[in-house]
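J.:
In my numbering, the protein residues as written are 1 to 214.
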């Protein structure tokens, strides 16, 4: 059965490496982010590698836009066997400059819309006995007030991964989060996007643990 991976929060770096790795393994690639120009660039890049992809633009602070984009991609691509959620509210804003509204919006981007995306893809994930892969971060374990929304988002992802796993494992759906405890850099010998993409691929194949800290 031909399957696809949906990457929400598509961008240069980790998510592009994920698209390349899973595309080489036979998956078609769906991509969602807010920049149509960048998405087109990623599509052209993947096309040169022989990887079939498609994309839809959405502002991930707007759940309705994200869900509309998912529905459009479900028509364009084969069944989604994997959801990779890589979006985060990446504002470098100190805690005491945040507000309840700004943190709530950030939480929607980083955590809340994961749940909505899983629900939107549930039929596909059930059919394929698929996977939900989440990009975690070290600030889940070491919160930093100078990046308040990021820290709260990664803590939320960590918790959500375990709750989703408990909710979905009996249905044959794997949920895993890679808690990235290092600076992602193409030149890194430990935390390059390509190395992390391999970690995600192994998690997806092994389907054994909810959280890998690396």
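Ideal placement from N, C-alpha and C gives every residue a C-beta, glycine not left out.
If you measure between the beta carbons of residue 196 and residue 40, is that distance less than 8 Å?
T.: Note that the C-beta distance between residue 196 and residue 40 is not below 8 Å.
J.: Give the secondary structure of residue 163 by DSSP, where H, G and I count as helix, E and B as strand, and everything else as coil.
T.: helix
J.: What would DSSP say about residue 205, mapped onto helix, strand or coil?
T.: helix
J.: As an exercise, report each continuous alpha helix (DSSP H) stretch of at least 4 residues that is fully enclosed by the stretch 84-154, in chain order.
T.: 100-107, 113-120, 122-128
J.: Beta-carbon separation of residue 247 and residue 6 under 8 Å?
T.: The requested residue 247 is not part of the displayed model; the chain covers only 1 to 214.
J.: Here's the rule I'm using: 16 or more other beta-carbon atoms within 10 Å means buried, otherwise exposed. How should residue 129 be labelled?
T.: exposed
J.: Under the assumption that residue 61 contacts residue 30 (Cβ atoms under 8 Å), give the Cβ distance between them as a whole number of angstroms.
T.: Not really, about 20 Å apart at Cβ, beyond 8 Å.
J.: So, for residue 175: in the same chain, excluding its five sequence neighbours on each side, which residues have a beta-carbon less than 7 Å away from its beta-carbon?
T.: 132, 161, 164, 165, 168, 210
J.: Identify the continuous alpha helix (DSSP H) that holds residue 61 and give its terminal residues.
T.: Residue 61 -> no alpha helix (DSSP H), and no H or E assigned at all.
J.: For residue 154, collect the residues of the same chain with a Cβ closer than 7 Å to its Cβ; drop the 5 residues on either side in sequence, then sort them by chain order.
T.: Excluding sequence neighbours, residue 154 sits near 136, 137, 139, 140.
J.: Alpha carbon to alpha carbon, how far is residue 115 from residue 48?
T.: 33 Å
J.: Measuring alpha carbon to alpha carbon, tell me which residue in 19, 85, 8 is nearest residue 194.
T.: 19
J.: With 16 other CB atoms within 10 Å as the buried threshold, where does residue 21 fall?
T.: buried
J.: Please report the distance separating the alpha-carbon of residue 146 from that of residue 1.
T.: 46 Å
J.: Might you give, ordered along the chain, the residues of its own chain that have their beta carbon closer than 6 Å to the beta carbon of residue 65, omitting 5 neighbours on each side?
T.: 58, 59
J.: What number of angstroms, rounded off, separates the C-alpha of residue 202 from the C-alpha of residue 8?
T.: The straight-line gap separating the alpha-carbon atoms of residue 202 and residue 8 is approximately 20 Å.
J.: How should residue 142 be labelled, buried or exposed, when 16 other C-beta atoms within 10 angstroms of its C-beta is the threshold for buried?
T.: exposed
J.: So what does residue 190 bridge to, in DSSP terms?
T.: DSSP lists no partner for residue 190.
J.: Given the structure, does residue 139 come close to the ligand MG, in the sense that its CB is under 7 Å from one of the ligand's heavy atoms?
T.: In terms of ligand content, the structure shown is empty, and the ligand MG therefore cannot be addressed.
J.: Using three-state DSSP, classify residue 28 as helix, strand or coil.
T.: strand
J.: Could you give the DSSP three-state label for residue 57: helix, strand or coil?
T.: In the three-state scheme derived from DSSP, where H, G and I count as helix and E and B as strand, residue 57 is classed as strand.
J.: Report the three-state DSSP secondary structure of residue 77 (helix, strand or coil).
T.: coil
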